[in-house]
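Chemist: Line order of the protein sequences matches chains H and G. Okay, so the first sequence: first residue is 107 according to this note's numbering, each after it adds one. Okay, so the second sequence: first residue is 930 according to this note's numbering, each after it adds one.
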Amino acid sequence: MTDTQPSLQVAASAKPPFYRDATVVKWLVQVATLAVTLFAIAFLVREAGDSLRAKSIQTGFGFLEVDPAISLGEGIDTDPATGGRALWVGMVNTIRMAIAGIALATILGTLIGIGRLSSNWLVAKLASAFIEYMRNIPLLVHIILFFVTIAVVFPEFGEDVDPVSGEVTQGPWNGVLHVSNKGFSVPRVHIADGFYQWMIIMVLGCFAARWIARQRYAARDRTGRETYPVLTALGVVAAFGAVGWFIHPIFGFVGDAVFAPIRDLIGATPPNLVQLLLCAAAIVAAGLWIKRFFDARRTPGDSAKLTDDDWFRVIFAGIAAAIACVVFLVLWPGLSSWLVNSGRDLFDVLANKFGEGRSSVSDDPPFSVGMPDIEKRGNFANMGPSGLNLTQGFAAVFFGVVLYTAAFIAEIVRGGILAVPKGQTEAAQAIGLRRSTMLRRVILPQAFRVSLPPLGNQYLNLTKNTSLAIAVGYTDVVQVGQTIFNQTGRSLEVFIIWMLFYLACSLTISVVVNFFNVRLKIVER
Amino acid sequence: MSSELEHLARGTAELIASADEREAEEAASRPDEPSLPPLEWLKVNLFSSVLNTVLTIVFGLAGVLAYQRLLNWAFSHEREWDAVRVNMRALFTFTYPSSQYGRIWVTLGIVLALAGLSLGLSRMVGQGFSLKRISTWCMAWGGAVIAGILLVQPHAKRSPDGEVLLDADFEPVRESFGTAMADRGWWWLVGVILFAVGLALWVVLGDVKRRTTFVGAVPFTLGVLAFAVSTLWWFHWGNYGQQGDIIEPGRTVKDSAKLPWTVMWLVLTGAYLLGQRLATTDRAGSIRVVVNFSWLLAPFITFWVILRDPQIDYAHVVSTDLPMALGFMIGGGAVLFFLTKPGVGEAGRIVGVGLFGLAIFNWVAAFFGVYPMLQKARISFLLLALVALAAHNFAGERSQRLRFVCAWAGVMAMLHYLVTMINAPSTVDAPDEFVGGFLVTVYIAVFTMIFSFPLGILLALGRTSTLPIFRVLSTIYIETVRGVPFITILFFFSTFLNIFLPDGMEIEQLAAAGLGFALFSAAYLAENIRGGLQAVRRGQYEASDALGLTTVQRTGFIVLPQALRVSIPPLVGATISTFKETSLLAIIGIIDFLRVANSVIPGQTVFLGVRMEGLLFVCMIYWIGAYGMSKFSQRLERHLGVGEH
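So, in structure tokens, the structure goes:
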């Protein structure tokens, strides 16, 4: 005993040689991995640059400013002037599809999920048959099937030609609603010149409605009488909209009085000042982050014990701030002037938009309507650009994506409903709620709380799945991007734009879903 | 390496054994639920309230209408199901030459033999289907057939030369209802027999007996398959190439398919019976390990050796390949035998690091073109160095060390054999790729899972690691890949990959696409496995630390086996997704299953523009595959008892 103890102490206190020291080895391996990764990336990028030069393919984002000489099937601008504009049209198409798809898929999925738990045998079986059919077949096959089916089921476009005048008409209601195998066409509502002034009134209306709704809620809590707060708020907004329709020109001064001075102010800012401000912001952000980090690690005894990992984070935050400063000051000095210029341009646009449309109510309404028309390209009739066109490609992708996602959402909703404790149902029955009220007020809210995170995942999937539009030629961002890189050879640049766009979409959806997730959570004490 | 796997297999085997006992106990006391009398059943399930009655009527009518529409469409005179029948081989194997078609059958035979063995050896025996369920199925399908016969509109009349007769409005002239009913004799027979069998089972057995008598799922399926195969012998399924000479002129389905499919059925059944016999022997455990390793090897062997038919240069094999393989097997084995000696200490570390340095130098030297070396030698050196570095974790008794060395030798032998085969040129006489159609779908899915699985484990370990740089790198990779749609990644790999590679290095489109699949799928697998890792309790880590295990031992022997067991069901889910995602190959121009139906068949002169038929067939095959896998996953979940603690 007395013999072994000193030697154990010696063994414990003796420092191992540096190549056996766990900390040294750990960091050595990590730094080596990082170095190898960075070297591999640098090598691949250099190779790519070499082979692109060898094939004399130009690189860079210049194509965003050049006329791409393509015309798009549908979108906010079917004849884009620049490559950037073309990609923007594709992005808007993707976003349009994603938002509409998420809304419809949620409703449909919820209904089918409830249907699958129905006490009616037939409804339950049909719902599960739908789910099994949709989710066990690839989405791409669904989309192609829808595409082919639409072509077969609906009447041909532009078949009815007047033999005398040669005018083409299309049913079922010429000029208002066109239904054909090219798709549907309905009147389109445009934003017109008066819209921006009208929007100011609407924003004021929203504030007013919020205030009134709070009053009504308070009144309801006080007296116990139903005061219809939501309906009242909606009514207030509608009233503001209706009145604003006739008085919106009075806000015509906003453009010159508010936005023009901001534009001039930004235009007069020297870029060096912006550089310094950016650097200061980066340093302050890093400093604040480090301070909060230390505070969080501090024990009640006011001593902070930091692990390797913590030190890594602190050092990383410092290095990130330093790198940001170097970028702002040395590597990319153009950034600040670019920021100044684009800020000025933005407020210039705003000043113009808010300055227009103040002449009279009748000349500049907030909205205008474009009716469906028919265009003859050569011998073939096509849907004209004025109406809101739901093309064959759009319909195929839309229904494919919506029904496919609805099947997954239905399963999530079913799981959520099953996760609601049975006592809740029994309690709701005990106080005499009707089945529909119970579903709406007791079960579904709790089911949604459980199923919101997986629902958010499905929304992400839906957004990403719209990229399969390329198979049927719907002009989403992937399809436009592919057309552009086929023409210009800027494959890598287009790929980077795709990646950033989808990452931004994913991030937005995650943030929105997380916001609701936090709000729906049970408040725990 | 091997003892780790064995350990894993043994641990899983014990878990499964305990699950078996549980399931067996439950099965003995779990008869099917009693059934209500028909009228009461209707009342409870369909007409319990006014709302339910309305729902039943509305959805019932809608269902009947949809069923009628579907059947009218499918049996219309405008359908050309010949497009599918004639192109059956194109759909499944595309242009694989018919002179070497035996290779396809051998491949299928190997897969079926392994499947039969696994089924026979499996202890995952549920109670199967009760006679009550079988009887209900028979009656339901019989009823559906009879309803279909009554619902389908009468066929269009044809003139003697096969043309459809049209009336003044260019609508086809149809038979009278009575003639139509009389013409459907075969269908009547099928429907009535099915219904009668179901009814007879129901009536004759009585309530208790039909609920407690079970038919095993596998024998039942084998019986159904036997019936399906037997129809090839006595039923006329039509001709290939009836309308032209597309595949095999004049040959009928019956002639070309009946013999191979009968053999396939015999192989499956024989393997199943053999597996059942082997399961009762003492060596059942090791036979299971062998079968599982065969499953792992089967895709490689069938793809590169059987289907690809490589032309082997025997002189080169004897002079170079064989000595090199033997060198790595024996030399590497000797090194590892030395390194796994308990108490080898610092010397082992020095040897390991030295080997690692040599392996790295080999790659760097190749990069700068210092000295040439066969790629497989470089790979082998790297593998040897990595195993040598981890070898001290496997220190143990002499027999254990010998087993470890044997496993190394086995892995080396397989690796060198496969690389030699892959490097030999193919002799299959196919226009471009020797695989296409459904084959490409299956192989891409299988290889994706095989290659993305280890990568996914590494990424998951990296993401949950305490080492910050590993964590950051893994997280960036996983989140970036999961944030973008798969089709963009596939475009990247199929069109841009070659510009990233050094001069003179080219990668085929199919291989590039496969790489994209594996890298994409790895990010999703990593998230599934991470879920499993987080489910491993803290105490398990602490206990293994208390035992003095190294990090590698703790991860390999304690944490991963438990984590993987929890993540098996989501991993099957990932396999289903990959199987469905293979359809995206059609977009980037690889002729897969979907592309044959969507582009190749409609482009044939005989079947110009015939698309729906092929697409529906593709739908059916995808559905069967994905549905089967999801059912398997549910069964596995119940069997492993995940989430039942």
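Cβ coordinates follow ideal geometry from the N, Cα and C atoms, glycine included.
Are the segment 1215-1230 of chain G and the segment 1023-1034 of chain G touching by the rule of at least three beta carbon pairs closer than 8 Å?
Modeler: No, the segment 1215-1230 of chain G does not touch the segment 1023-1034 of chain G.
Chemist: Should residue 1138 of chain G be labelled buried (16 or more other beta-carbon atoms within 10 Å of its own) or exposed?
Modeler: Residue 1138 of chain G is exposed by the Cβ-count criterion.
Chemist: Is it buried or exposed, residue 1335 of chain G, if we count other Cβ atoms within 10 angstroms and call 16 or more buried?
Modeler: Residue 1335 of chain G should be labelled exposed.
Chemist: Measure from the C-beta of residue 593 of chain H to each C-beta in chain B and report whether the shortest distance is under 9 Å.
Modeler: No chain B is part of this structure, whose protein chains are labelled H and G.
Chemist: Between residue 486 of chain H and chain G, is the shortest Cβ-Cβ distance under 9 Å, so that the two count as touching?
Modeler: Chain G contact via Cβ: absent.
Chemist: In whole angstroms, what is the alpha-carbon distance linking residue 585 of chain H and residue 210 of chain H?
Modeler: C-alpha separation (whole angstroms): 24 Å.
Chemist: Just verifying my parser: in three-state terms, what is the DSSP assignment at residue 243 of chain H?
Modeler: It is coil, neither helix nor strand.
Chemist: So who's on the other strand from residue 286 of chain H, going by DSSP bridges?
Modeler: Its beta-bridge partners are H:289.
Chemist: Return the CA-CA distance between residue 1371 of chain G and residue 973 of chain G, expressed in angstroms with no decimal places.
Modeler: The straight-line gap from Cα to Cα measures roughly 45 Å.
Chemist: Return the CA-CA distance between residue 1163 of chain G and residue 1357 of chain G, expressed in angstroms with no decimal places.
Modeler: Whole-angstrom Cα-Cα distance: 34 Å.
Chemist: Do residue 455 of chain H and residue 580 of chain H have their CB atoms nearer than 9 Å?
Modeler: No, they are not a contact pair.
Chemist: May I ask you to report which of helix, strand or coil DSSP gives residue 1166 of chain G?
Modeler: Correct three-state label for residue 1166 of chain G: coil.
Chemist: Applying the criterion that 16 or more other CB atoms from any shown protein chain within 10 Å of the CB defines a buried residue, is residue 1511 of chain G buried or exposed?
Modeler: Counting Cβ neighbours within 10 Å, residue 1511 of chain G comes out buried, since at least 16 surround it.
Chemist: Of the choices H:344, H:161, H:550, whose alpha-carbon is the least far from that of residue 314 of chain H?
Modeler: Of the listed residues, the one whose Cα sits closest to residue 314 of chain H is H:344.
Chemist: Closest to residue 1374 of chain G by C-alpha separation, out of G:1308, G:1444, G:1099, would be which residue?
Modeler: Of the listed residues, the one whose Cα sits closest to residue 1374 of chain G is G:1444.
Chemist: For the alpha helix (DSSP H) that contains residue 489 of chain H, what are its first and last residues?
Modeler: Taken as a continuous stretch (DSSP letters only), residue 489 of chain H belongs to no alpha helix (DSSP H), being part of the beta strand (DSSP E) at 486-489.
Chemist: Hey, does residue 1576 of chain G have any beta-carbon neighbour from chain H nearer than 9 Å?
Modeler: A query on residue 1576 of chain G cannot be resolved here, the shown segment of chain G reaching from 930 to 1574 and no further.
Chemist: Counting beta carbon pairs with one atom in the segment 590-606 of chain H and one in the segment 542-551 of chain H, are three or more of them shorter than 8 Å?
Modeler: No, the segment 542-551 of chain H does not touch the segment 590-606 of chain H.
Chemist: Excluding the 5 residues preceding and the 5 following residue 1566 of chain G in the sequence, name in chain order all residues of the same chain whose CB lies nearer than 6 Å to its CB.
Modeler: So the list reads 1498, once near-sequence residues are dropped.
Chemist: Thinking just about the alpha-carbon of each residue, which of G:1288, G:1097, G:1323, G:1096 is nearest to the one in residue 1478 of chain G?
Modeler: Selected option, being the one with the closest Cα: G:1323.
Chemist: Any beta carbon of chain G sitting closer than 9 Å to that of residue 605 of chain H?
Modeler: Yes, residue 605 of chain H counts as interfacial toward chain G.
Chemist: Do the segment 1009-1020 of chain G and the segment 254-267 of chain H touch if we need at least three Cβ pairs shorter than 8 Å?
Modeler: These segments do not touch.
Chemist: Show which residues of chain G have a CB atom less than 8 Å away from the CB atom of residue 250 of chain H.
Modeler: Those are 1523, 1527, 1544, listed as they occur along chain G.
Chemist: Against residue 1421 of chain G, what residues of chain H qualify as contacts under a CB-to-CB distance less than 7 Å, listed in chain order?
Modeler: The contacting residues are 601.
Chemist: For the beta strand (DSSP E) containing residue 476 of chain H, name the first residue and the last one.
Modeler: Per DSSP, residue 476 of chain H belongs to the beta strand (DSSP E) from 473-476.
Chemist: What does the alpha-carbon distance come out to for the pair residue 398 of chain H and residue 1459 of chain G?
Modeler: When rounded, the distance between both Cα atoms is 29 Å.
Chemist: Output needed in chain order: residues of the segment 408-437 of chain H with a Cβ under 9 Å from some Cβ in chain G.
Modeler: Taking 9 Å as the Cβ-Cβ cut-off against chain G, the residues of the segment 408-437 of chain H that qualify are 413, 414, 415, 418, 419, 422.
Chemist: Does the separation of the CB atoms of residue 170 of chain H and residue 193 of chain H fall below 9 Å?
Modeler: It is a contact, given that the beta carbons lie within the stated cut-off.
Chemist: Within the 9 Å Cβ cut-off, does residue 50 of chain H reach chain G?
Modeler: Here chain H covers residues 107 to 631 and nothing more, so residue 50 of chain H does not appear.
Chemist: What do you reckon, is the C-beta of residue 1100 of chain G under 8 Å from a heavy atom of the ligand SAH?
Modeler: Among the components modelled here there is no ligand, and therefore nothing to report on the ligand SAH.
Chemist: Note the first and the last residue of the continuous alpha helix (DSSP H) segment covering residue 1568 of chain G.
Modeler: Note, residue 1568 of chain G: alpha helix (DSSP H), 1541-1569.
Chemist: I need the straight-line Cα distance from residue 1033 of chain G to residue 1296 of chain G, nearest angstrom please.
Modeler: One C-alpha to the other measures close to 40 Å.
Chemist: Suppose contacts are defined by Cβ-Cβ distances below 9 Å. Is residue 322 of chain H in contact with residue 338 of chain H by that definition?
Modeler: Cβ distance < 9 Å, so residue 322 of chain H and residue 338 of chain H count as in contact.
Chemist: Give the secondary structure of residue 275 of chain H by DSSP, where H, G and I count as helix, E and B as strand, and everything else as coil.
Modeler: Looking at residue 275 of chain H - three-state DSSP - the assignment turns out to be strand.
Chemist: When you compare the CB positions of residue 294 of chain H and residue 493 of chain H, do they come within less than 9 Å of one another, or not?
Modeler: It is a contact, given that the beta carbons lie within the stated cut-off.
Chemist: Rounded to the nearest angstrom, what separates residue 557 of chain H and residue 521 of chain H at their Cα positions?
Modeler: Approximately 8 Å between the Cα atoms of the pair.
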